[in-house]
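2 protein chains.
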Amino acid sequence: MKTYRDIFKWGDKREEMLDDGMLNLLISKFNLSNDELENVHLLGNEELNFEHDLIISESVIQQFKNICGDENVYSTKEERASHTYGKHFLELLKLRLGIIDNPLDLVIYPSNSDQIIEIVKICNNNKIPIVPFGGGSSVTMALQATFGGVCLDLSKHFNKVIKINESNCSVTVETGILGPDLEKVLNKQGFTCGHFPQSFEYSTVGGWIAARGAGTLSTGYGKIEEMVLALNVVTPSGIIETKDYPADAQAINLNNIFIGSEGIFGVITEACLKIRKYYPEKTAFASFIFKSFEQAVESMRETMQAGYGKPHLFRISDPDETDIAFKMKGFENTFSDKILKVLGYKPGQRTLMFAAIEGSNKYPEFVKKCLKKTAKKHKGLYIGQKPVKKWLEQRYSSAYARDPIMDKGIITDTFETSVTWEDLLSLWNSARIYLNSRPLIVAMVHISHVYENGANLYFTFLSPWKKGLEVEDYQNFHKGLVDVIVKNKGSLSHHHGIGRILSPWMKEQYGENGISLLQALKQHFDPENIMNPGGMLGLR
Amino acid sequence: MKTYRDIFKWGDKREEMLDDGMLNLLISKFNLSNDELENVHLLGNEELNFEHDLIISESVIQQFKNICGDENVYSTKEERASHTYGKHFLELLKLRLGIIDNPLDLVIYPSNSDQIIEIVKICNNNKIPIVPFGGGSSVTMALQATFGGVCLDLSKHFNKVIKINESNCSVTVETGILGPDLEKVLNKQGFTCGHFPQSFEYSTVGGWIAARGAGTLSTGYGKIEEMVLALNVVTPSGIIETKDYPADAQAINLNNIFIGSEGIFGVITEACLKIRKYYPEKTAFASFIFKSFEQAVESMRETMQAGYGKPHLFRISDPDETDIAFKMKGFENTFSDKILKVLGYKPGQRTLMFAAIEGSNKYPEFVKKCLKKTAKKHKGLYIGQKPVKKWLEQRYSSAYARDPIMDKGIITDTFETSVTWEDLLSLWNSARIYLNSRPLIVAMVHISHVYENGANLYFTFLSPWKKGLEVEDYQNFHKGLVDVIVKNKGSLSHHHGIGRILSPWMKEQYGENGISLLQALKQHFDPENIMNPGGMLGLR
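Sequences listed follow chains A and B, in order. Note that our numbering has the first sequence beginning at 1, numbered continuously upward. Note that our numbering has the second sequence beginning at 541, numbered continuously upward.
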């Protein structure tokens, strides 16, 4: 029998290790005693144990089995538990606490669109909730089952590349395909998808679209909404199929009705995405250090607005994140570090900037040269290719530190927002003050998706939870942070989406008339309210 | 008293002249005799003369006057006639024929959002149609009054720049502002709007957004949907205000519900648009000639997919358009022309390509160098900066030849579509065969908006109309062209929009479920069906 721990773990071998850098950081910042390090709790080693009657009748289950085959319809505790929650901190915490509030009834693994169409029809006729499910890596509670029902997991059998069109530079896929599987097929033919969210290894094309995601190269290649050419969406009211025009003026763009819809209108089944020529050997890398966050931000803004091309990866770590990176990478107090300090690049102020530019001919080198010129103007010191290359190598792995950190009784969470340049520094300042007001906290902030008109801010924080009050402690702290961000003109999300965790703020942010519009769309596509129902996106 | 001719003329001084090049072309292609050249007809010199009772009561008119002032509410024949039609060929033809089917009742010139809100309320309560009106340059019958009612002309008093935000590179405007007025203000502060449709001088920001327009620099700066950061829209059901986040993941992007909505949901009152740094002195210009259309297209595609940056202006004239340009510019049979022929660039096959690259540092020159390299690979010959510079100088003026050409009894019309690279040549071929099947025709085709995944095709055609059967002749020929384009996988429009002229094809192109979605949105925003009603976008 499986345990709760089996459910919440990534199952990735990298997650077992908490490297010395991280361990020492936690020990020193949180004054962890040996006792605290050893006496871990909430490991979730208990066997899965929840009682919930199935709301779906046997005869309906039989219909699903007739459509997808017996071997693709599950009502086992393990399957139900592993699809009921996503990867938000509170969801992981609940699993550690042995709580599964509203377990799904069934997990179905369809293998083609026709099956999905049939399943949606049956669910609609029987008013059975459906949660579309890809990699399950949502960090917004977007796929948390609220009223039980069916989980439609597309990642197992509905994950094929349908067509690569070399002439059009596009790929059509079944949306359950995982990032690495797509990328491997594309690379073989000399292309890249250009979309590399941190969840890349455990997320699907359908999830990227539903959550309006962004990858680490989004500054160059755009968010997912700039990559989608066409979609097929199966809604309870019918199927929407759009065409892969490079652009058009045929009334409103229907793709945008579903990008960011988080499963509330229908199941996104096929997507035609832009792809790009793949020249990894030509990529230019550049790392800089600035004397202050403000100067780094100003340099970044100037680059984005200058009109000389732009990096694909473009990041700034704020001073605290920079110091932590230096500490963890063993750079602190090296000879180079001492030189930096003498040159005026001081801990607590200095700020790392990373850039990588893709492309052909000498474009990457050309943009890098311009970048260096702009950075220099803002007293940014070029520190070579290596730091950004190192960063890229481990870009997915920090997610896998999550569980070992939680094993020490520590909250680990992220929050991300977008903001115009005008308001970026004040938002950063206010959020920093708020974060640092918590007595024991390690908070890191970076900018990682950059535009002509502003950028995102990405917050990562670690803090020991209050034993016995884990949920309330987190909820209070999280609420305070979101309030500060909204008050300082940040969006509720830049690329994680809203889900259920941020939906209480939607009316204020999206406007009452925006919400009624969502409701009207919901009513149109899903009059029985079966698609991912319950508190999503600020809807009832 | 005004004549019909007063109504349909642009009123631009450039329109009086039909240059020798054009005149000779028409004479030679259509075998026009002196008699035909002199005996012009349908000049529309008759006095405006139409009888239609106002459907709006005096008391309601008085309410409008109370809101906007007596001097901003008109029911004169002249005002009604000049706002009832846009600039589509059939609309101009009808004015020449002295036909105004369904004249508007009133033209109102509001000066602020509050007035617009009040007017929309009154119209909604009294079920009075509203047509939002900017520059009036629609070529799709999108603003043609169908049931009379009120024209809300924003261009007179609702046309101010509200704010230029230099830090964010954005501008907020009242949507009635005309292109040149916006550009002048921006240039003064070192910025450009980057959006230059051919209608630039007679179109407004509101119109650009409502029709999902594109400007000549769209290959670099994007279509209008890529420029809009935030909108205010006044709908009968309430006001939608979006925020100017550089990007976000807050459910679906509400801006996209209104971009391309062509006035059927509400009045777009304010827009926050991206703006760009303005370095006109740095722009690089490049003109090429290719041996065939196919090679030019292949070179263009390679450039767009190569990842070395891209031009802002990027155009190909097909062989017929190239020959006509050479003829009209007096290049034919010059010494240079003879050399070109010897080199294998032959009339009937050779193809012009124009590019202009904007930006700072050496970006324009860098991209130009790459462009040249790619062109050379496809046997494209670089022919200097001058041809594209010349073209840019007169880029708006060909529109003003429209009326003098129609004075000779000649249909002048355009059609534009978008298509993936894969289908571009077959679409071009089929459309060419169709166009050339008309006995007397001058047809020019170009590509002018280019993407990684495809491009637009823009058709311009001139042909003597059948006297006495002008409307039917045009309608038959136009229908045949649209059918060919749709059959060959072109969109109904790349940037003109759908309006009433293309709405009969919408169900096929947009899908029945797409149309029901539009209807659901319409029902939500405008339950009384007052916003630009009557055959718009395929709706009833």
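Using N, Cα and C, we set each Cβ at its ideal position, and we do this for glycine too. Note that the structure is predicted; figures quoted are calculated from it, not measured.
- Secondary structure remark: continuous beta strand (DSSP E) runs of at least 3 residues inside the stretch 930-1005 of chain B, in chain order: 950-960, 982-987, 994-1004.
- The beta strand (DSSP E) runs lying completely inside the stretch 211-288 of chain A and spanning 3 residues or more are 228-235, 238-241, 267-274, given in chain order.
- Classified as buried, T957/B has 16 or more neighbouring CB atoms from the shown chains inside 10 Å of its CB.
- If you ignore the 5 residues before and after G561/B, its C-beta comes within less than 8 Å of the C-beta of K867, M868, K869, G870, all in its own chain and listed in chain order.
- Here the alpha carbons of L566/B and L1002/B stand approximately 9 Å from one another.
- At the C-beta level, Q198/A and A399/A come within 9 Å of one another.
- The Cβ-Cβ distance between G468/A and R500/A does not fall below 9 Å.
- Within chain B, S958, S1031, S1033, H1034 have C-beta atoms less than 7 Å from the C-beta of D248/A, given in sequence order.
- Per the coordinates, the alpha-carbon of G490/A lies some 13 Å from the alpha-carbon of M506/A.
- Assigned with DSSP and collapsed to three states, K908/B falls in helix.
- Between the beta-carbon of T322/A and that of L352/A there is about 5 Å, and that keeps the pair under the 8 Å contact cut.
- By the Cβ-count criterion, R540/A is exposed, with fewer than 16 other Cβ atoms from all chains shown falling within 10 Å of its own Cβ.
- Chain order gives no chain B residues near G136/A, where near means a beta carbon separation below 7 Å; the closest approach is about 18 Å.
- Legend: CB atoms of the stretch 254-283 of chain A lying less than 8 Å from CB atoms of chain B belong to residues L254, N256, I257, F258, I259, G260, S261, E262, K274, R276, K277, Y279.
- C691/B places its beta carbon less than 9 Å from that of I648/B.
- The beta carbon of T460/A lies closer than 6 Å to those of T414, M444 in the same chain, with the five residues before and after it left out.
- Membership of E174/A in any alpha helix (DSSP H) is not indicated; the residue belongs instead to the beta strand (DSSP E) covering 170-174.
- Boundaries for F196/A: no beta strand (DSSP E) harbours it, and the DSSP string shows neither H nor E there.
- For C709/B, the residues of chain A that pass the 7 Å Cβ criterion are Q305, E452, N453, in the order they occur in the chain.
- In the same chain as N232/A, and ignoring 5 residues on each side of it, the C-beta atoms closer than 6 Å to its own belong to E241, T269, E270, in chain order.
- F830/B is a Cβ neighbour of R890/B, given a cutoff of 9 Å.
- For G638/B, same chain residues with a beta-carbon under 8 Å away, outside a window of 5 residues either side, are Y544, G584, E586, N589 in chain order.
- When 7 Å is used as the limit between beta carbons, Q198/A is near no residue of chain B, the shortest such separation being about 14 Å.
- With a threshold of 9 Å between beta carbons, G538/A makes contact with chain B.
- What K763/B touches in chain A, judged by beta-carbon distance under 7 Å, is A247, going in chain order.
- Annotated as distal: I357/A and A306/A, with beta-carbon spacing of 9 Å or more.
- Sequence-distant Cβ neighbours of P904/B in its own chain, meaning closer than 7 Å and more than five residues away, are K822, T823, A824, I897, E898.
- In this structure, the alpha-carbon of I951/B lies about 15 Å from that of N976/B.
- Bridge partners of M506/A according to DSSP: none are assigned.
- By the neighbour-count criterion, in which a residue is buried when 16 or more other Cβ atoms sit within 10 angstroms of its Cβ, I879/B is exposed.
- The residue among L95/A, T140/A, Q519/A, V388/A with its C-alpha nearest the C-alpha of K2/A is L95/A.
- Residue contact with chain B for W465/A: absent (no Cβ-Cβ distance below 9 Å to any residue of chain B).
- Secondary-structure assignment with DSSP links E618/B through no beta bridge to anything.
- Under the three-state reduction of DSSP output, S677/B falls in the coil class, being neither helix nor strand.
- It is roughly 60 Å from the alpha-carbon of I433/A to the alpha-carbon of Q835/B.
- Beta-bridge annotation (DSSP): I670/B is paired with V690/B, M1071/B.
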